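Below is one structure, written out as structure tokens; the observations come after it.
Residue numbers (mature numbering (1 follows the signal peptide of the UniProt record, and there is no 0)): -34 to -1, 1 to 1192.
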């Protein structure tokens, strides 16, 4: 019994003990897993997977297994001796995390791998490290998505994946990390999540989403992170406005960076504790709020390129802690407020590329800490005062370029001894360069180009031994370049082009070993180039000696470094042969030796230059042959070797130069035939082989060059027929085949070409008649068929070739009367000599015989006997028809007919609002007396009529006799057109009151403008007075809007067809009004032949010469010509011709500068006006492109010209070339 009791009582402890043992046994694995030895083994296993373990991890070894807590980068917990922190930051380890065993490290509190080369995904097992407070995987190469298990690390306070290659959406589970203070996800490829799943993060103070692929509106959850002090959303694609609740809730925010997004709306400035405000590259728009001045702690403001406008607020002066202010690339349009000078802590001030004006306020002299000041690209005026400059002694960079500053460069500039960058280019500074500039010993970049500086370059300047770039071009500097230039051993760029420097180049320029670019073109320099120039400058890339008076030979080691890309020495007196090193300069892009006295054999002077685009050797005395190796220079667009003594045959390999656009070999000694292979040069537009000894027939393959515009084969020995047939020479505008031995007829197909300038077939053996089809060359300026064996008469249709200003039919076998109309009315006597059978009224010709009239007397009697009875029958029939007509329909009387019964009704269309009659117009002009005529044009005369009411109208009497000349099938169409035009309403279009057909004439009645035509204003006394640059830009804008309205807002659309300076009238305030709209259409039709293609010579689109089809793109071309004429003060025909002929070969051609093309009666534009003028010229050049489909629409043009901002000038105004502007893409 007792034993039983004992047994029962002892059973309970035994049972409990058993449970305890089982529990302890269960804990053994965990203890084993977490032991220091286990952790050490896990770390060693991981280390063995590293691509290369850094030397600093030598303590991680098997021999040191029991000393884990002393291992590098390891921190242990003092009580457990287990790892609590792993910090491998910046160890340059290349490995993955997938080989890391997380299980032994469940007590880890800090894990830092920042600044290594870890790749692969972030393992989801990291979510098991539940005690982590810091996880930093930044600056590695991790890929794929952020594991959602990160959201389980609820103790995290610091989480960074900065600068990896992570993708996918940001997991919303991250917002579960309620203790996290730093969340750094910037510099990845993360995508937009569903922000509504995110909750607020109350502990968060630092949030960085910089540089990802986020494209939503402002994330709502951010406004619930009430303790945020740092927020960076920059470099994403966020859109929309900043919600008001953000301003309300984020009152602790000190750093806000929204740079480079697409945010809109007002600027977010309602953060009272803000220190850094970075909002650059957004679309906020509007003015800078005045209340920005209440954020008293602001230290840095970046608002560049945020579409801001209006003034710079004076309240900025209250920001006494402000150190950095960047307002560049906006549309701010005030002067600099005086109060800005109160921000005395400013070290950086950038206001470049706005529309700021006025003089610099004296208060800026208080900015004694200023280190960088950028005011370029504005319209600032006035002097640079010594009192300002003298206080800026901390200045490192001073950039005032592209303004209108004037006066002297103050001597006090020499006080800025810390200056490294000084840019004053493209202003109006005068007088000499101050000698004190030599005090700027730290200066690296000096650019004073594009001013009006004079006098010699101060000797002190040459002591600036740290200078890297010296640019003084486009001034009026005199004197010499002294030997002291040899002190400037750091000099890489030296550019003094377009001055008045004289003397010889000092020999020690050869010792400038850092030199990369050397440009002295367009001066008065002379003498030899130092013989070793280039020898010690291995990085020399650009050299230009052009347009001076240099002589002697070029240095033989000029390009010994083989880095040379541009070498231009044209326009000098150089002699001798070319440097042998040229052959090995494979990087050459542009080479000009033209206009010198070079000699020597060029057969092997050049090698293979795959980058070469332009080569000019013309006007020298080179001999030798044209090497077939040129075919390996695949990128040449222009080759000019004219006027030398090059001989041999033209190598057929030239046909492989598929980029060639201009080939000029004229005036040499080439022999043989033109290779058929030249027909492969599909881009060729200029081919001149004249003045050689070429023979044989002209190959038909040349006719397949669809872009060829100029062909000159004159003065050779070509034989056979002219190879022009249907479908050949599609784009030819000038053809010279004179002085050869060509025979056969002149092909009628010549008349189907685009020829606009020259057709010279003189001095050949051509026979047969002159094809009347040549009369279709209505834009041709020069026609010469003299000295042939042509017979027959001169076609009378040639009278309509109104653009001809020179023609020669002499020394042929022509007969019959010379045409009397048009150009033949003032024909020179020598145009017809040597044709004994020609007669006419021209000087030197005998009168045509009239004897034929008598011999035909009997025939005339027979004709009269038949004609009179027939006419009598026609009269009777007409009377009967009229009686029948008026019986059926009562006579219609319009309002005018009732008031003036003496005039019979023929046709009349008037606006409803018209309050006058045609009879009044007749009386007001005394029946269109010549004294009331105020203009004559291609469509008729214009009369001024002052009516009884005092209203003045302009009446155009059309050249067409009356509406009966219009075929019946088109008469209704004609009247519909008139009705359409009377409904046109636009502020820039002259109002058409109506149309009348009276007494055998047709009249259009317009409103009258007193100032007259644009042509009168442009070429009259007002051209250089009232027509300033601003006015001219305004006129172009108005004209663009008028044409855009006609093309796009009229139903049906109206094509003007005759846009010219004489068809643009001006109001008193110079507002333009387009006149004669639609007149050309009314007087022409696709189905009739009322007139030729309408338009004024010099303004018509080139395609009209062969398509005869007018489109809206024809108006676009005419608009471009007018716009250029307005800016140039002369017709741009010569320039357009030059561009057409030279095309791409004018690339970087400094000789066709925009400033030289503009109206020289005006001072060059500056600042905002300069940008506007450049943009107008750019748009105008786009409008005059040869191919209609490549021209913009007038709607696009109008919108672009009216844009609030114009493109910023990428380089000084004076350096812009026309060719650069032809490449505008906006």
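Just so you know, even glycine gets a beta-carbon here, dropped at the ideal spot from N, CA and C. As the structure is a computational prediction, the values presented were derived from the model and not from experiment.
Excluding sequence positions up to five before and after residue 774, its CB lies within less than 8 angstroms of the CB of 728, 749, 750, 751, 752, 796 and 797, all in the same chain and listed in chain order. With contacts defined as CB atoms closer than 8 angstroms, residue 187 and residue 204 fail to qualify as a contacting pair.
The region 603 to 623 and the region 635 to 646 touch, with three or more beta-carbon pairs separated by less than 8 angstroms. Within the model, the alpha-carbon separation for residue 689 versus residue 460 is close to 53 angstroms. A straight-line Cα-Cα distance of about 5 angstroms links residue 814 and residue 805. Contact annotation: residue 488 and residue 513 have beta-carbon atoms nearer than 8 angstroms.
Our two residues, residue 153 and residue 294, have alpha carbons roughly 26 angstroms apart in a direct line. In the structure shown, residue 1096 adopts coil according to DSSP, grouped into three states. Under the three-pair Cβ rule at 8 angstroms, the region 1085 to 1092 counts as touching the region 1149 to 1164. For residue 122, the closest C-alpha among the options 76, 1037 and 110 is that of 76.
Taking each of 111, 308 and 443 in turn and checking the Cα distance to residue 281, the smallest one comes out for 308.
Non-local beta-carbon contacts of residue 680 in its own chain, meaning distances under 6 angstroms to residues more than five positions away in sequence, involve 656, 702, 704 and 705 in chain order.
In the structure shown, residue 67 adopts coil according to DSSP, grouped into three states.
Around residue 1014, the same chain offers 1161 as residues with beta carbons nearer than 7 angstroms, after the five sequence neighbours per side are excluded.
Judged by pairs of C-beta atoms under 8 angstroms, the region 228 to 243 touches the region 259 to 267, as three or more such pairs exist. The criterion of a C-beta distance shorter than 8 angstroms is satisfied by residue 419 and residue 395.
A direct Cα-to-Cα measurement between residue 253 and residue 278 gives close to 8 angstroms. An exposed status is given to residue 45, since fewer than 16 other beta-carbon atoms sit within 10 Å of its beta-carbon. For residue 392, the three-state secondary structure derived from DSSP is coil. Relative to residue 108, the option among 740, 127, 91 and 90 whose CA is nearest is 127. For residue 1148, the uninterrupted alpha helix (DSSP H) segment begins and ends at 1133 to 1149. Nearest in C-alpha terms to residue 747, of all of 575, 961 and 768, is 768.
In the structure shown, residue 1030 adopts extended strand secondary structure according to DSSP, grouped into three states. For residue 7, the enclosing alpha helix (DSSP H) begins and ends at 2 to 13. With a cutoff of 8 angstroms on beta-carbon distance, residue 1128 and residue 1184 are scored as not near each other. Between residue 116 and residue 83, the C-beta gap is not smaller than 8 angstroms, which leaves the two residues out of contact.
Considering only 508, 511 and 476, the residue with the shortest C-alpha distance to residue 500 is 476. Judged by DSSP secondary structure, residue 755 falls outside any alpha helix (DSSP H) and instead within the beta strand (DSSP E) spanning 755 to 758. Ranked by Cα distance from residue 585, the options 601, 605, 571 and 610 are led by 610.
A direct Cα-to-Cα measurement between residue 962 and residue 924 gives close to 11 angstroms. Minimum Cα-Cα distance from residue 11 among the listed residues 22, 1, 28 and 20 corresponds to 28.
At a Cβ-Cβ threshold of 8 angstroms, residue 170 and residue 147 count as neighbours.
Boundaries around residue 1000 are those of the alpha helix (DSSP H), 995 to 1014, since no beta strand (DSSP E) includes it. Residue 49 places its beta carbon 8 angstroms or farther from that of residue 31. Sixteen is the threshold: since fewer than 16 other Cβ atoms of the shown chains lie within 10 Å of the Cβ of residue 160, the residue is exposed.
In the DSSP assignment, the residues bridged to residue 773 are 749.
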